[in-house]
Amino acid sequence: MKNFLLIFGFIAVYSCGGSYKTSSSDKKSEDKISVSKVKISKSDLTKYGKSITSKELKDYLYVFAGDDFEGRDTGEPGQKKAAEYLKKQYKKLGIPSPLGDDNYFQEIPESYFRGGIKASENVLAYIKGTEKPEEIVVLSAHYDHVGVDAKGNVYNGADDDGSGTVSLLEIAEAFVKAKKDGVGPKRSILFLHVTGEEKGLYGSRFYTENPIFPLENTVTDLNIDMIGRIDEKHEGEEMNNYVYLIGSDRLSTELHVISEEVNAKYTKLDLDYTYNAKNDPNRFYFRSDHYNFAKHNIPIIFYFNGVHEDYHQVTDTPDKIEYDLMAKRAQLVFYTAWEIANKEDRLIVDGVEEDGE
Ligand SMILES: [Zn+2]
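See the structure below:
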């Protein structure tokens, strides 16, 4: 999650979206849409969803957010190590890159960045769809973080965004297992690990300006940025089975309905839309990578646990992650992606991105 810039707060005061309507007030279109019947039973699909485990997430995260990767500062050696690590995992899973051969990196030249940031790379992996391979479902998470402080303390970024990064690996594993069993996704899935998020959403902007697959064929972006922790508002056992969803109803009513339905069916999380309010002063909708897709009118969902005391501190470490909850949140992303990738018709876009930074 990119640090909050005060100026957004001022802009927010002047940008109250009077014409905005939530889909909950739009009952008519909700009634018409229901989750399509995928040729797989609930129990079979659950088998793949449950392959996303707290144990595997934990194993990945202790490496990925360990001191070895030096806080994954964009363009620096620790970030390069993290990129190599992700490539190695996809190769292990037998998931190819859309760039072909052994090239999992979309290089971003130094000239693209401002403020002395060195060249960096997005990491991409890809499962080709069986029936509509040209239509792409993007799952994204940024893998960079903010590096090391002056005294050499590592910002581990376990939640931000180690949690999203390792969740993508587990979701990828679930999809590839299904594919091996002959029930691979109908549409293609792109696992997009973007760089430079903390410096200003560079990697996702670069991807959307230089897409590997045409943006007009990009059906959605489900973006995960911080899903391993519990914020202050949700502390206490009755409250903590939650995730914040941001943006789900802004560009596609259908996306919002699918998200709600798969959650009711499989994960039963409390979906908190507090930060989806258009006049929310935190402006989270604009502060992570999904926004670079939304601004091209591609429907998005941003999955988020809210901020906490360790946000952008050296104390955002893997021992503080709630792994069971994180697994459930990652499973929600998987089931939502599954439905979007396998439904008969492409997701309907019935909203227009009208706001901006
Ligand atoms: Zn951050």
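Under this note's numbering, the residue at position 285 of the sequence shown is numbered 285, and the numbers go up by one with no gaps.
Note that beta-carbon positions come from the ideal geometry of N, C-alpha and C, so glycine has one too.
Remark: the shortest separation between the CB of Asp319 and any heavy atom of ligand 1 does not fall under 7 Å.
Classified as exposed, Gly152 has fewer than 16 neighbouring CB atoms from the shown chains inside 10 Å of its CB. Lys87 is positioned such that its CB atom lies no closer than 8 Å to that of Thr130. Within a 10 Å sphere around the beta-carbon of Gly228 sit 16 or more other beta-carbons, which makes this residue buried.
A residue is called buried when at least 16 other Cβ atoms come within 10 angstroms of its Cβ; Lys179 meets this threshold and is buried. Fewer than three Cβ pairs drawn from the stretch 277-297 and the stretch 257-265 lie within less than 8 Å of each other, which leaves the two stretches out of contact. Taking non-hydrogen atoms of ligand 1 into account, the C-beta of Asp160 is found less than 7 Å away from one of them. If you compare the alpha carbons of Gly75, Lys80 and Ala141 with that of Asp225, the shortest gap goes to Ala141.
Remark: the shortest separation between the CB of Lys2 and any heavy atom of ligand 1 falls under 7 Å.
Using a cutoff of 7 Å, the CB of Glu198 counts as near ligand 1, since one of the ligand's heavy atoms is closer than that. By the Cβ test, the stretch 144-162 is in contact with the stretch 66-73, since at least three Cβ pairs between them sit closer than 8 Å. Relative to ligand 1, His290 has its C-beta separated by 7 Å or more from all heavy atoms. In terms of Cα proximity to Pro211, the closest of Val194, Ile52 and Lys199 is Val194. Annotated as proximal: Asn122 and Tyr207, with beta-carbon spacing under 8 Å.
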